[in-house]
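Quick notes on the structure that follows.
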Amino acid sequence: MSFFKNIFGSSEDEAVNSKVHWRELTDLGQLNEIINESTEQPVIIFKHSTRCSISRFSLKQFESEFDLHDKIIPYYLDLLNHRDISNEIASRFDIEHQSPQLILIQDGKAIYDASHDAISVAGVKRNLE
Numbered sequence: 073m074s075f076f077k078n079i080f081g082s083s084e085d086e087a088v089n090s091k092v093h094w095r096e097l098t099d100l101g102q103l104n105e106i107i108n109e110s111t112e113q114p115v116i117i118f119k120h121s122t123r124c125s126i127s128r129f130s131l132k133q134f135e136s137e138f139d140l141h142d143k144i145i146p147y148y149l150d151l152l153n154h155r156d157i158s159n160e161i162a163s164r165f166d167i168e169h170q171s172p173q174l175i176l177i178q179d180g181k182a183i184y185d186a187s188h189d190a191i192s193v194a195g196v197k198r199n200l201e
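As numbered in the working numbering, residues 73 to 201 make up the sequence shown, in order.
Set out below in structure tokens:
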């Protein structure tokens with residue numbers, strides 16, 4: 073088991089060992105908070121499948137590029153444990169579900185989303201107002 077954990081890690085390791093100060097998205101009620109926060113400062117949600125190597129690669133690549141500490145509020149969604157939240161995100165922000173997926177929210181609206189290898193800090197920066 074530790075062999076697989078060393079190769080694939082775990083969702084706990086990902087959130088703890090990151091230079092991005094992720095806020096875990098674990099409750100549907102947090103979506104209202106995110107909408108409110110996004111009127112003051114842009115918010116990103118990174119939807120991550122903890123069992124998918126492509127998702128893990130996208131997450132690690134994004135984290136290695138991340139330099140927006142004071143410019144955005146980052147949320148992390150463990151898609152496998154919180155599929156209901158992912159479904160509500162797709163519905164509430166009128167975007168198609170993807171995994172992995174990064175969503176940029178500003179003024180209560182999704183203004184940008186990207187998935188798989190299109191996820192990048194540069195993409196977020198291009199869409200910040």
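Quick reminder that beta carbons are idealized off the backbone N, C-alpha and C, glycines included.
Only a predicted model underlies this, so the values are computations on that prediction, with no experimental measurement involved.
query                                                                                                                        : result
Delimiting residues of the alpha helix (DSSP H) encompassing Ile106                                                          : Gln102 to Glu109
Closest residue to Glu96 among Gln170, Ile116, Asn108 and Glu112 (Cα-Cα distance)                                            : Ile116
CB contact flag (Pro114, Leu200, <8 Å)                                                                                       : yes
Rounded C-alpha distance that separates Lys181 from Ser163                                                                   : 12 Å
Own chain, CB closer than 8 Å to Val193, minus 5 neighbours either side, in chain order                                      : Phe134, Glu137, Phe138, Asp139 and Leu140
Whole-angstrom C-beta distance between Phe118 and Leu149, which should lie under 8 Å                                         : 7 Å
Beta-carbon contacts of Ile167 that lie in its chain and below 6 Å, excluding the five residues immediately before and after : Ala182 and Asp185
Spatial distance of Ile107 from Val196 (CA atoms)                                                                            : 17 Å
Ser121 burial status per 10 Å Cβ neighbour count (16 or more: buried)                                                        : buried
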